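One structure is given here, and the rest of the page talks about it.
Numbering (my numbering), first residue to last: 891 to 1034.
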């Protein structure tokens, strides 16, 4: 990636709905050259997808929790079980005192408790430790 590619990705992270003409103007390229660069960034896997950022509270998912999952066995093949729980937004195998870290969004703490029950029911899970987020200072896009 060169400086122009980095500038394009940064601008797309800020607002992926920008036209190629607007992006090109910002980085000193024509709309066609900008389109070609973005296409190549997609082909190389630098840009994995284009999406819309939704306010979780506005759609009824205002409770955010990070859950450390303890296990009695290796959880490396359990990705599908975590993915089957719709409230689980992310799941990561981690090093440390727990085996898996999951990010969960629900509408209420009651629903969070139900998700914890479903996590505990996954084969190999021996316990959970949830941390509920009270407020978020900021979230950053990936730095380039």
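A virtual CB, placed ideally from N, CA and C, is assigned to each residue, including glycine. None of the values given here were measured: they were computed from a predicted structure.
Query: Residue 989 burial status per 10 Å Cβ neighbour count (16 or more: buried); Result: buried
Query: Pairwise C-alpha distance: residue 1032 and residue 944; Result: 18 Å
Query: Per-residue DSSP class, three states only, for residue 939; Result: coil
Query: Cβ-based burial, residue 962 [other Cβ within 10 Å; buried from 16]; Result: exposed
Query: Near the ligand GTP: residue 981 beta-carbon under 7 Å from a heavy atom; Result: Looking for the ligand GTP in the displayed structure turns up nothing, as the structure carries no ligands at all.
Query: First through last residue of the beta strand (DSSP E) which encompasses residue 979; Result: 978 to 983
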